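Peer 1:
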Amino acid sequence: MRLTQAELDASALDPATLRLAVEQVRVNGYVVFEGVLPGDVVDELHENFMRLFRRHTDSTDQNRGANRYQMHLPFAPPFSAPHIVTSPFALPVIRALLGDDCVCQYFASDTPMPGSEYQAVHSDIHRLFPGMPVAPPTFAVVLNVPLVDFREDNGPVEIWPGGTHLMPEDANMLELAESMDSRPCIMPRGSLLIRDIRMWHRGTPNRSGAPRPNMAMIHARHWLRTSYPPIGIPQATYDGLSEDGQRLFPLEDIGAHAGRYA
Ligand SMILES: O=C(O)CCC(=O)C(=O)O
26 MRLTQAELDA
36 SALDPATLRL
46 AVEQVRVNGY
56 VVFEGVLPGD
66 VVDELHENFM
76 RLFRRHTDST
86 DQNRGANRYQ
96 MHLPFAPPFS
106 APHIVTSPFA
116 LPVIRALLGD
126 DCVCQYFASD
136 TPMPGSEYQA
146 VHSDIHRLFP
156 GMPVAPPTFA
166 VVLNVPLVDF
176 REDNGPVEIW
186 PGGTHLMPED
196 ANMLELAESM
206 DSRPCIMPRG
216 SLLIRDIRMW
226 HRGTPNRSGA
236 PRPNMAMIHA
246 RHWLRTSYPP
256 IGIPQATYDG
266 LSEDGQRLFP
276 LEDIGAHAGR
286 YA
């Protein structure tokens, strides 16, 4: 979706946009707000990301297949900026989907490097009621923030929209996905992709000459327990969050240093 200039200027979604975005996630599994972060904000995020990423790849093995890294992010500026953590565009959608008391449980990134390959199609969570033919309403979402333009050639995430997040039964995902419609998420840097955590997706090969970083946060209903390491949030950073932001982190390690679990 493209937000109007009035929405961007006011840093607020029109009620009709909010409703439409929420319905898109509920029915189609995802919504994208295209290119909403200011260019200078994305520049700073990208520059800081690449500094960390180079250090990380020099000292750590790839952990998501060939030439592909998942990397936790320090909960520190510029990553912890209000543009991201309390995004006036993403957070209202997330709270409408997950309840006002939803929590953020994961603060990280995914980056295919040149030479990466297709991942297997997957969902980012286990079934809540294994063996039972039920499709619960959305209980967790992934918020992705691309730090470069996602193009056909640089390994855009491929998604299977239209209901894979609602699969009421166990299915042979790999076999079924082959015969179902999918699409690459082509979007400008600084977009916000909000997707139901269950939606089928995969990383694709990066055939460009540069890494393709994607911030990834997970928000969930307050009762969901996941196995992610806690997010280390320095006390001063936590104190600098708005009250609205602080409410997102009741389960995390407040007072730890920012990279503690990274
Ligand atoms: O390419 C991406 O940003 C997503 C990759 C992904 O889904 C994963 O590593 O599990």
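Each residue of the sequence shown is one higher than the last, beginning at 26 in our numbering. Built from N, CA and C at the ideal position, the CB exists for glycine as well. For clarity, every value in this text was computed on a predicted model and none was experimentally measured.
1. Quick one, which of Leu172, Leu249, Met198 has its alpha-carbon nearest asparagine 239's?
2. For a quick check, are the C-beta atoms of phenylalanine 114 and phenylalanine 58 less than 9 Å apart?
3. DSSP state of glutamine 87, grouped into three classes?
4. Which residues in the same chain have their Cβ closer than 6 Å to the Cβ of leucine 98, if we skip the five residues on either side of it in sequence?
5. Take leucine 273 as the anchor and find which of His190, Val110, Tyr286, Asp68 has the nearest alpha-carbon.
6. How about valine 182: is its Cβ closer than 8 Å to a heavy atom in ligand 1?
7. For my contact list, aspartate 149 and valine 128 are in at a C-beta cut-off of 8 Å; report their separation, rounded to the angstrom.
8. Please classify tryptophan 248 as buried or exposed, where buried requires at least 16 other C-beta atoms within 10 Å of its C-beta.
9. In the stretch 142–204, which residue ranges form an unbroken beta strand (DSSP E) of at least 3 residues, counting only runs that do not cross its ends?
10. Pop quiz: methionine 192 and alanine 145 are said to be a contact at Cβ under 8 Å. What is the actual Cβ separation, rounded to whole angstroms?
11. Please name the residue in Leu116, Glu48, Gly60, Val56 whose C-alpha comes closest to that of leucine 33.
12. Rounded to whole angstroms, what's the CA-CA distance from isoleucine 243 to valine 170? Just pull it up for me.
13. By how many angstroms is the C-alpha of glycine 156 removed from the C-alpha of alanine 235?
14. Spatial neighbours of proline 259 within its chain, please: C-beta separation below 8 Å, excluding the five flanking residues on both sides.
15. What separation, rounded to the nearest whole angstrom, lies between the Cα atoms of threonine 42 and alanine 31?
16. Name the DSSP bridge partner or partners of serine 134?
17. Buried or exposed for glutamate 277, going by 16 or more other Cβ atoms inside 10 Å?
18. Have a look at Pro186, Ala165, Phe164, Gly180 and flag the residue whose alpha-carbon is nearest the alpha-carbon of proline 139.
19. Do you know how far the Cα of glutamate 183 is from the Cα of tryptophan 288?
20. Quick check: does the Cβ of threonine 42 come within less than 8 Å of any heavy atom belonging to ligand 1?
21. Between which residues of its own chain and leucine 70 is the CB-CB distance below 6 Å, once the five residues before and five after are set aside?
22. Could you compute how far the alpha carbon of aspartate 195 sits from the alpha carbon of glycine 188?
23. Within 10 angstroms of the Cβ of threonine 29, are there 16 or more other Cβ atoms? Answer buried if so, exposed if not.
24. Can isoleucine 137 be considered in contact with ligand 1, in the sense that its beta carbon sits closer than 8 Å to one or more heavy atoms?
Peer 2: A quick look at the data gives this:
1. Cα-wise, what sits closest to asparagine 239 is Leu172.
2. Taking a C-beta distance under 9 Å as the contact criterion, phenylalanine 114 and phenylalanine 58 qualify as a contact pair.
3. Glutamine 87: coil per DSSP, three-state reduction.
4. Excluding five sequence positions before and after leucine 98, the CB atoms of its chain that fall closer than 6 Å to its own CB belong to Phe104, Phe132, Ala133, Ser134, given in chain order.
5. Looking at the Cα atoms, Val110 is the closest of the given residues.
6. In this structure, the C-beta of valine 182 approaches ligand 1 to less than 8 Å from one of its heavy atoms.
7. Rounded, the Cβ-Cβ distance is 16 Å, inconsistent with contact.
8. In the assembly as shown, tryptophan 248 is an exposed residue. Its beta-carbon has fewer than 16 other beta-carbons within 10 Å.
9. Segments of the beta strand (DSSP E) lying fully in the stretch 142–204: 165–171.
10. With a Cβ gap of about 16 Å, methionine 192 and alanine 145 do not count as contacting.
11. The residue among Leu116, Glu48, Gly60, Val56 with its C-alpha nearest the C-alpha of leucine 33 is Gly60.
12. Straight-line Cα distance between these residues: approximately 12 Å.
13. Cα to Cα, the separation comes out at about 43 Å.
14. Contacts found: Phe100, Ala101, Gly280, Ala281, His282, Ala283.
15. Whole-angstrom Cα-Cα distance: 12 Å.
16. Secondary-structure assignment with DSSP links serine 134 through a beta bridge to Met96, Met240.
17. Buried, since its Cβ has 16 or more Cβ neighbours within 10 Å.
18. For proline 139, the closest of Pro186, Ala165, Phe164, Gly180 by C-alpha to C-alpha distance is Gly180.
19. Beyond the ends of the chain as shown, which are 26 and 287, falls residue 288; an answer cannot be given.
20. Every heavy atom of ligand 1 is 8 Å or more from the Cβ of threonine 42, so no.
21. Around leucine 70: Pro103, Leu172.
22. Spanning the two alpha carbons is a distance of roughly 14 Å.
23. Classification of threonine 29: exposed, given that the 10 Å Cβ count is below 16.
24. Reading the sequence as shown, one finds proline at residue 137 and not isoleucine. At least one heavy atom of ligand 1 is nearer than 8 Å to the Cβ of proline 137, so yes.
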